[in-house]
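Engineer: Sharing a structure here in structure tokens format.
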Amino acid sequence: MFGEVSPKYKPLTVDTIPDYVRTRPELTPIFRDDPIEAVEVGDGNLNLVFIVTSAVDAARTVVLKQALPYVRLVGDSWPLPPDRARIEAQALEIEYRLCPEHTVRVYFYDPDMYLTAMVNLNQHIIMRKGLIEGIKYPKFGQHIGRFLARTLANTTDLVLDYRTKKLEVARFINPELCKITEDLIFTEPYRPTERNLFHKELEPQVLALQADEALRVEVAKMKEKFMTQAQALIHGDLHTGSIMINQDETVVIDPEFAFFGPIGFDVGAVIGNLLLSYAAHEVRTADPEQRADFRRYLTDTIIELWHVFVDEFQTVWDQVDPINFPKGYQDDYMLRLLHDTAGLGACKMMRRVIGLAGVADIRGIEDVHERAIAGSLALNMATALLKQRESLTQIEELVEIATACKPTYPWK
1 MFGEVSPKYK PLTVDTIPDY VRTRPELTPI FRDDPIEAVE VGDGNLNLVF IVTSAVDAAR
61 TVVLKQALPY VRLVGDSWPL PPDRARIEAQ ALEIEYRLCP EHTVRVYFYD PDMYLTAMVN
121 LNQHIIMRKG LIEGIKYPKF GQHIGRFLAR TLANTTDLVL DYRTKKLEVA RFINPELCKI
181 TEDLIFTEPY RPTERNLFHK ELEPQVLALQ ADEALRVEVA KMKEKFMTQA QALIHGDLHT
241 GSIMINQDET VVIDPEFAFF GPIGFDVGAV IGNLLLSYAA HEVRTADPEQ RADFRRYLTD
301 TIIELWHVFV DEFQTVWDQV DPINFPKGYQ DDYMLRLLHD TAGLGACKMM RRVIGLAGVA
361 DIRGIEDVHE RAIAGSLALN MATALLKQRE SLTQIEELVE IATACKPTYP WK
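Quick note on numbering: this note's numbering labels position 356 of the sequence shown as 356, and the sequence is numbered without any gaps.
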């Protein structure tokens, strides 16, 4: 599979981009005959990302994202098929059709160069950066709840006919990126491995977690669900680094991990990342009142996004055959989604503390002891959610379980 790279493929550079742009008629209305400037801005783990701008008018601009045939974070020792760029472009096409107000617009996809051209969201910032700074986004809960419901519910068997669903499952088979998820989220954090990356202050807690067989049983259940439940077309990597935001708009980007998987993986990713921010502000915000206020915003957002998600999902339930899908089944379906959200989100949280590619919310904390406090709290929150998920009946209970946790570090 790694050998199936287009013979026309060549990684772009800031020097070659102007000539490439001239070959794309889709970009002519934007750049006309202007001189073009390009800057590489990619700070992700996998791809090249460039901002391309007219030297005459900075408002005329696009983003070019090109897949590399390896994991950029590691290098060419970890090969990765660049066809993942097709997955991303086609997923964005579907998400934009279902929820255009919260999905980045794509201008074109170039299958020879594994490159996607899209709108430059230069009036937005990466949400993770805003949360680290303690910025509140009051519309986010409503926005992301709507995005999740519309993109997920409408790609399930509840909406798609039997043939379309199975053809779509085949089109979005994404084995190599799913394997990354299976390894980094559901396997490696729970065993000694060289790729795990946690600070030595957390070692006693990590070793205890890895020795906890009851926890590993629950992780195995979540891994099985991720690998076998083709429930809906999921984004597959919906953390706060895949969301561009300002006070009025929320836009989702980067679904290259997309495939047909469990709905709770996407919803859990969002909630899990909000809880990672909650844990980080244990030390990031020193003033107790300010800390409590920002954390209240985070937990209120979790509750709001879930209720919006459920309400929006109801539009699908209103259209199904009540004989085949009676009310009792509908209620059970949504309850199972809540349990999956808690469990899968918990696995995402633990990975970000223990495994490769952590989050800046916690790993960006400079003081080693403060960083350990935040990481310890995140692990305890995740452990509680994973083990107690099947007791949940409503989203408020998820928040109560998580926020009742305390950091174990420093060790008594």
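Backbone N, C-alpha and C fix where the C-beta goes; we use that ideal spot for every residue, glycine too.
At which residues does the beta strand (DSSP E) containing asparagine 324 begin and terminate?
Structural biologist: Taken as a continuous stretch (DSSP letters only), asparagine 324 belongs to no beta strand (DSSP E), as it is neither H nor E.
Engineer: Less than 9 angstroms separating the beta-carbons of glutamate 188 and leucine 46?
Structural biologist: No; because the gap between Cβ atoms is not below 9 angstroms, this pair is not in contact.
Engineer: First and last residue of the beta strand (DSSP E) that includes aspartate 15?
Structural biologist: Segment: none, aspartate 15 is in no beta strand (DSSP E) and carries neither H nor E.
Engineer: Excluding the 5 residues preceding and the 5 following leucine 184 in the sequence, name in chain order all residues of the same chain whose CB lies nearer than 8 angstroms to its CB.
Structural biologist: Arg195, Arg351, Gly355, Leu356 and Ala357
Engineer: Nearest to isoleucine 365 by alpha carbon, out of Asp112, Glu95, Ala232 and Leu276?
Structural biologist: Leu276
Engineer: Sorted by chain position, which residues of the same chain lie with C-beta nearer than 8 angstroms to glutamine 142's C-beta, five sequence neighbours on each side aside?
Structural biologist: Glu304, Leu305 and Val308
Engineer: Give the single residue among Glu95, Lys10, Glu26 and Met118 whose Cα lies nearest to the Cα of aspartate 112.
Structural biologist: Per the Cα distances, Lys10.
Engineer: Going by the C-beta, is glutamate 289 closer than 8 angstroms to any heavy atom of the ligand ADP?
Structural biologist: The ligand ADP is not among the ligands present in this structure, which contains no ligands whatsoever.
Engineer: Does the distance from the C-beta atom of threonine 116 to that of alanine 89 stay below 9 angstroms?
Structural biologist: By the CB criterion at 9 angstroms, threonine 116 and alanine 89 fall inside the cutoff.
Engineer: Give the single residue among Leu27, Asp361 and Tyr333 whose Cα lies nearest to the Cα of arginine 128.
Structural biologist: Asp361
Engineer: Put glycine 130 into one of helix, strand or coil per three-state DSSP.
Structural biologist: helix
Engineer: Could you give the distance in angstroms between the alpha-carbon of proline 7 and the alpha-carbon of tyrosine 114?
Structural biologist: 11 angstroms
Engineer: I need the DSSP call for tryptophan 306, collapsed to helix, strand or coil.
Structural biologist: helix
Engineer: Whole angstroms are fine: how far does the CA of alanine 38 sit from the CA of isoleucine 17?
Structural biologist: 7 angstroms
Engineer: Near valine 52, what residues of its chain come up, given a Cβ to Cβ distance below 7 angstroms and the 5 sequence neighbours on each side ignored?
Structural biologist: Excluding its 5 nearest sequence neighbours in each direction, valine 52 has C-beta neighbours in its own chain below 7 angstroms: Ile17, Val21, Ile36, Ala38, Thr61, Val62 and Leu64, listed in chain order.
Engineer: Scan the stretch 70-99 and note each continuous alpha helix (DSSP H) run of 4 residues or more that stays entirely inside, going in chain order.
Structural biologist: 84-98
Engineer: Leaving out five residues on either side along the sequence, give the residues of the same chain with a beta carbon under 7 angstroms from the beta carbon of isoleucine 144.
Structural biologist: Thr250, Val270 and Leu305
Engineer: Can you name the residues that DSSP bridges to glutamate 40?
Structural biologist: Phe50
Engineer: Under three-state DSSP, which class holds glutamine 247?
Structural biologist: coil
Engineer: Curious, which full-length alpha helix (DSSP H) runs of at least 4 residues does the stretch 324-407 contain?
Structural biologist: 327-354, 360-363, 368-388 and 395-403
Engineer: Smallest Cα separation from lysine 348: which of Ala85, Lys223 and Asp83?
Structural biologist: Closest by C-alpha distance to lysine 348, out of Ala85, Lys223 and Asp83, is Lys223.
Engineer: Would you check if the distance between the CB atom of isoleucine 263 and the CB atom of isoleucine 234 is smaller than 9 angstroms?
Structural biologist: Taking 9 angstroms as the Cβ cut-off, isoleucine 263 and isoleucine 234 qualify as a contacting pair.
Engineer: Ends of the beta strand (DSSP E) at alanine 420?
Structural biologist: Because the chain here runs from 1 to 412, residue 420 falls outside it and cannot be looked at.
Engineer: Taking DSSP's pairing of strands, which residues face valine 62 in a bridge?
Structural biologist: Val52 and Val119
Engineer: Where does the unbroken alpha helix (DSSP H) through tyrosine 162 begin, and where does it stop?
Structural biologist: 162-171
Engineer: If you measure between the beta carbons of leucine 338 and isoleucine 302, is that distance less than 9 angstroms?
Structural biologist: no
Engineer: Label glycine 328 either buried or exposed according to how many other C-beta atoms from any shown protein chain fall within 10 Å of its C-beta, with 16 as the threshold for buried.
Structural biologist: exposed
Engineer: I need the DSSP call for isoleucine 180, collapsed to helix, strand or coil.
Structural biologist: Helix, per DSSP.
Engineer: Verify whether the separation of the beta carbon atoms of valine 219 and leucine 386 is less than 9 angstroms.
Structural biologist: yes
Engineer: Return the CA-CA distance between arginine 84 and glycine 241, expressed in angstroms with no decimal places.
Structural biologist: 18 angstroms
Engineer: Give the range of the beta strand (DSSP E) segment to which aspartate 34 is assigned.
Structural biologist: First-last for aspartate 34: undefined, no H or E at that position.
Engineer: Name the residue from Thr13, Val353 and Asn154 whose alpha carbon lies nearest to the alpha carbon of threonine 315.
Structural biologist: Asn154
Engineer: In terms of alpha-carbon separation, which member of Gly42, Val49, Ala58 and Glu40 lies closest to aspartate 34?
Structural biologist: Ala58
Engineer: According to DSSP, is valine 5 helix, strand or coil?
Structural biologist: Coil, per DSSP.
Engineer: Using only the alpha-carbon positions, how far apart do leucine 379 and alanine 279 sit?
Structural biologist: A straight-line Cα-Cα distance of about 9 angstroms links leucine 379 and alanine 279.
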